[in-house]
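Enquirer:
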Amino acid sequence: MGNSPSKKQPPVIAQCSAPAYCVKSVGSRHIVLAGGGGAAKTGVANKIETLLLSFDRLDCAHLPTNQNGVAMKAHLASAVTTDPYATMNMDVVCLGMPEYGRYLLAAGHDQYCDIYESKGFALSNNSGREEGGRSLLTLNFEHIARIQTDEKTGGSYQKTVRFDRSLMGQPRRLVTGGADGCIRVWDVDAIYHKDSSSTLRPMLKLSAHNGDVDDLDVSLDGRTIVSIGHDARVYLWAVSDGKRLMELPVLPDIGKEFRVRSIRFTALGSVNVIFVAAYNQIRRSSKSISYLALWAFNRDRCVCKPVVVREACRETISTLAVSECGNFTAIGTLSGSVGIFDTHEMKALYMARETHGIFVTGIEFLPHRTVDFLPLRDRDASRQRVAFPGVASEYRTAIVSLSADQTVQFHAKTVRFDRSLMGQPRRLVTGGADGCIRVWDVDAIYHKDSSSTLRPMLKLSAHNGDVDDLDVSLDGRTIVSIGHDARVYLWAVSDGKRLMELPVLPDIGKEFRVRSIRFTALGSVNVIFVAAYNQIRRSSKSISYLALWAFNRDRCVCKPVVVREACRETISTLAVSECGNFTAIGTLSGSVGIFDTHEMKALYMARETHGIFVTGIEFLPHRTVDFLPLRDRDASRQRVAFPGVASEYRTAIVSLSADQTVQFHAVPFSRRSSFTLFMLKLSIVTAFIYYLIWFLCGTTTHITNVH
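FYI, the UniProt record's numbering numbers position 219 of the sequence shown as 219, with every residue one higher than the one before it.
The structure is reproduced here in structure tokens:
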């Protein structure tokens, strides 16, 4: 698909019975659609529908298929009637762990926000022809509460709604924006236990804008709200006290002729809060143009700066979404186009021009994995939690788009590499003690006659002394090499030309040299690689650094993106995960560490876990790709993904050492259990203190009575 318009029409996975304006991914198998015809008696239903996403063989002849030839469809599993209101804005959040199927749904119905709850998975009773009478796994949402979220006199209307997701499985706040220009922050627990006869008041009410609040979002740490008003102003607010932190400045690159259409926080960054903003022209014209900008907000210094600003398309953006990992951004347009972008550089990865017949109303990213329980076994009442491939597991990223043309479409960006080259290595690159780099033709090696002598395709006199390490970029165009002469060079694979020498890092100076280097799968315009730095002169106080570099081949410029201290030891080996998001090191002292590549922040460190220096590190796969068994009357072998050995973890590695041991190391996913454990411990300590006070008071009373 690349960054050019998609040639093949994206598959329509569902047809809506009524106009739908909202789409949300719920868990790992379902999407929720909402919309309707409103209060007008036109015969158009007002519904919230739950659809089950599946790959199956039912009616394969006329259904669109994924890249493996498996038919994909969104099956209607259940529906809730919302008469007389059409749902125009919606958000969904998980209650507890996702495998339990408990969710809260907030739907905007005129001046009200209606709250629905699903209390677990259920089987639908489908007896219609469409599903062949099958019972489908569904989530049955039930109405539990209603709150008034707008108080404008005449034309009161809730425009937008978002849950606070700072505590996984424990939504604490609901934030709404309305036509009266006010932002209201609600206590979710109070809504959940609200009496039907009582009137609930918001925890916080902010007079935010002159006119409608068009859009808002809550940061992932739950501390900051960003809001967009019909007055073309964008503000950042503190959730704790409602203080207005700052106004988003005008982008100097595009000027005042553009305004923010939509905005979303990302999971990127730790020191700064990173968010994406979509810009449209204020005055519409026949030559429309829109931009995407990546912003970094530093809360401590109250400073907001643009990181990347790039033209998105020559159309007007209607909707925006950011993936859970933060690495991908998706847009829909008024012309019916759908696009996916790399958030880090805002480069288009996928664009389907006018794929819908009319404007796109919603976009949602699909999950890469499904979390569930294993079946109960004899003599074992425990339910083990396990991860299976999700509906997007075969793709780099995947989304569904919703339009006023009443269709739901599936869009995906395949893995970065060209599939015509996957599994077909073309070159082998070696470096030796003679200081030379040699590039060999793999096909010639494979078919080499035992009596013949093979010559390299390319021989480069690279270094004075040994070639200590080298790597080849994922596009196969660039080699980076490290010599015993402490030089690091970048080379063109095509002709062996030396492109440049890696400059000295100003942050650490000439006292350090590169020990190892690895290219990553990050970046699209630039080639991104990781370098590990050790001290040239060893000392008792060792220190090492990790640096993330960006190399622009066209301009032949290489700049450091992140430089951070790795550990107080000497690095012996380096590895980067296939996705590029994680970096691992081993040290001469036997320690093993895992880092977030984007910020080089330590996620895991096992100090001196090996008895002697670490000789190798390797990342483990999240999935296993295999063939389905052959079926009767079907000789095709369908390719399918199963959970890999690292599927239960955020990332996992094995380390090898000269102590002749192989160890397993992993970074777990963030879970609510740690918070629950903390609250349990706090409760025990509190109970103990109360008991101690009661005991001491009782003893004092007894002594007084004796005297």
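Using N, Cα and C, we set each Cβ at its ideal position, and we do this for glycine too.
What are the residues that DSSP puts in a beta bridge with residue 218?
Expert: In the DSSP output, where bridge partners are listed per residue, residue 218 has 225.
Enquirer: Using the Cβ count rule (16 or more neighbours within 10 Å means buried), how would you classify residue 446?
Expert: When all chains shown are included, residue 446 counts as exposed.
Enquirer: With distances taken Cα to Cα, identify the nearest neighbour of residue 271 among 262, 277, 301, 247.
Expert: It is 301 whose Cα lies nearest to the Cα of residue 271.
Enquirer: Pick from 108, 40, 33, 92: whose alpha carbon is nearest that of residue 78?
Expert: Taking only the C-alpha atoms, the option nearest residue 78 is 33.
Enquirer: Identify which residue in 124, 104, 38, 72 has its Cα closest to the Cα of residue 87.
Expert: Out of 124, 104, 38, 72, 38 has the C-alpha closest to the C-alpha of residue 87.
Enquirer: Could you tell me whether the region 305 to 322 touches the region 285 to 294, where touching means 3 or more Cβ pairs closer than 8 Å?
Expert: Yes, the region 305 to 322 is in contact with the region 285 to 294.
Enquirer: Run through DSSP, which three-state label would residue 697 get?
Expert: Here residue 697 sits in helix by DSSP.
Enquirer: What are the start and end residues of the alpha helix (DSSP H) that includes residue 666?
Expert: Segment 662 to 668 is the beta strand (DSSP E) holding residue 666; no alpha helix (DSSP H) there.
Enquirer: Exposed or buried, what is residue 60 when buried is set at 16 or more other beta-carbons lying within 10 Å of its beta-carbon?
Expert: Reliability of the predicted coordinates at residue 60 is poor, the pLDDT of 43 falling under 50, and no value is obtained from them.
Enquirer: Measuring CB atoms only, is the region 43 to 51 touching the region 432 to 442, in the sense that at least three cross pairs come out at less than 8 Å?
Expert: No: fewer than three Cβ pairs fall under 8 Å.
Enquirer: On the DSSP letters alone, give me the boundaries of the alpha helix (DSSP H) that residue 44 sits inside.
Expert: Neither: residue 44 is in no alpha helix (DSSP H) and is coded neither H nor E.
Enquirer: Do residue 523 and residue 344 have their C-beta atoms closer together than 8 Å?
Expert: Going by C-beta atoms, residue 523 is nearer than 8 Å to residue 344.
Enquirer: Among residues of its own chain, excluding the 5 on either side of residue 439, which ones have a beta-carbon nearer than 7 Å to its beta-carbon?
Expert: Excluding sequence neighbours, residue 439 sits near 427, 429, 456, 457, 458, 493.
Enquirer: In chain order, what are the residue ranges of uninterrupted beta strand (DSSP E) at least 3 long that sit wholly in the region 149 to 203?
Expert: Counting whole runs of 3 or more residues, the region 149 to 203 contains the beta strand (DSSP E) stretches 158 to 163, 173 to 178, 182 to 187.
Enquirer: If you run the structure through DSSP and keep just helix, strand and coil, what is residue 687?
Expert: Here residue 687 sits in helix by DSSP.
Enquirer: Buried or exposed: which applies to residue 282, given that a residue is buried once 16 or more other Cβ atoms fall within 10 Å of its Cβ?
Expert: Exposed, since its Cβ has fewer than 16 Cβ neighbours within 10 Å.
Enquirer: Can you give me the C-alpha to C-alpha distance between residue 604 and residue 206, rounded to a whole angstrom?
Expert: Each residue's Cα considered, the two are about 41 Å apart.
Enquirer: With a cut-off of 8 Å on the beta carbons, I'd call residue 409 and residue 329 a contact; round off their distance for me.
Expert: Actually they are not in contact, since the Cβ atoms of residue 409 and residue 329 sit about 18 Å apart, beyond 8 Å.
Enquirer: At a cut of 8 Å, does the region 500 to 510 reach the region 318 to 329 through at least three beta carbon pairs?
Expert: No, they do not touch.
Enquirer: Any chance the region 394 to 411 sits against the region 21 to 36, with 3 or more Cβ pairs inside 8 Å?
Expert: Because the criterion of three Cβ pairs below 8 Å is met, the region 394 to 411 and the region 21 to 36 touch.
Enquirer: What does DSSP give as the partner residue(s) for residue 574 in the beta ladder?
Expert: Note: residue 574 sits in a beta bridge opposite 585.
Enquirer: In terms of alpha-carbon separation, which member of 509, 550, 570 lies closest to residue 534?
Expert: Of the candidates 509, 550, 570, the one whose C-alpha sits nearest the C-alpha of residue 534 is 570.
Enquirer: Check whether the Cβ of residue 46 lies closer than 7 Å to any heavy atom of the ligand ADP, and answer yes or no.
Expert: The model depicted lacks the ligand ADP and carries no ligand whatsoever.
Enquirer: If you count every other CB in all the chains shown that lies within 10 Å of the CB of residue 210, and 16 or more means buried, which is it?
Expert: By the 10 Å Cβ count, residue 210 comes out exposed.
Enquirer: Measure the C-alpha to C-alpha separation of residue 11 and residue 18 and round it to an integer number of angstroms.
Expert: Approximately 19 Å between the Cα atoms of the pair.
Enquirer: Name the residue from 190, 566, 482 whose alpha carbon lies nearest to the alpha carbon of residue 710.
Expert: As shown, the chain starts at 1 and ends at 707. That puts residue 710 outside it, with no answer to give.
Enquirer: Could you round the C-beta distance between residue 360 and residue 338 to whole angstroms and report it? I think they count as a contact, below 8 Å.
Expert: The Cβ separation is near 6 Å, so the contact holds.
Enquirer: For residue 259, which residues of its own chain have a beta-carbon under 6 Å away from its beta-carbon, when the five flanking residues on both sides are left out?
Expert: Taken in chain order, the residues that qualify are 232, 282.
Enquirer: Whose C-beta lies closer than 7 Å to the C-beta of residue 579 among residues of the same chain, with five residues either side of it excluded?
Expert: Excluding sequence neighbours, residue 579 sits near 521.
Enquirer: Report the partner residues of residue 597 according to the DSSP bridge assignment.
Expert: According to DSSP, residue 597 bridges with nothing at all.
Enquirer: Rounded to the nearest angstrom, what separates residue 416 and residue 477 at their Cα positions?
Expert: Note that residue 416 has pLDDT 41, beneath the 50 cutoff, so the model's placement of it is unreliable and the number below is only indicative. Distance between the alpha carbons of residue 416 and residue 477: 15 Å.
Enquirer: Taking its Cβ as the centre, do 16 or more other Cβ atoms sit within 10 Å of residue 365, making it buried, or is it exposed?
Expert: Under this definition residue 365 is a buried residue.
Enquirer: Can you give me the Cβ contacts of residue 15 inside the same chain, cut-off strictly under 7 Å, excluding the 5 residues immediately before and after it?
Expert: For residue 15, where only same-chain residues beyond five positions count, the Cβ hits under 7 Å are 406, 407.
Enquirer: Compare the C-alpha of residue 243 against each of 204, 276, 180, 657 and name the closest.
Expert: The option with the nearest alpha carbon to residue 243 is 204.
Enquirer: Quick one, are the C-beta atoms of residue 227 and residue 155 less than 8 Å apart?
Expert: No. Outside cutoff.
Enquirer: Let me know the secondary structure DSSP gives residue 467 once reduced to three states.
Expert: In the structure shown, residue 467 sits in a strand (DSSP, three-state: E or B).
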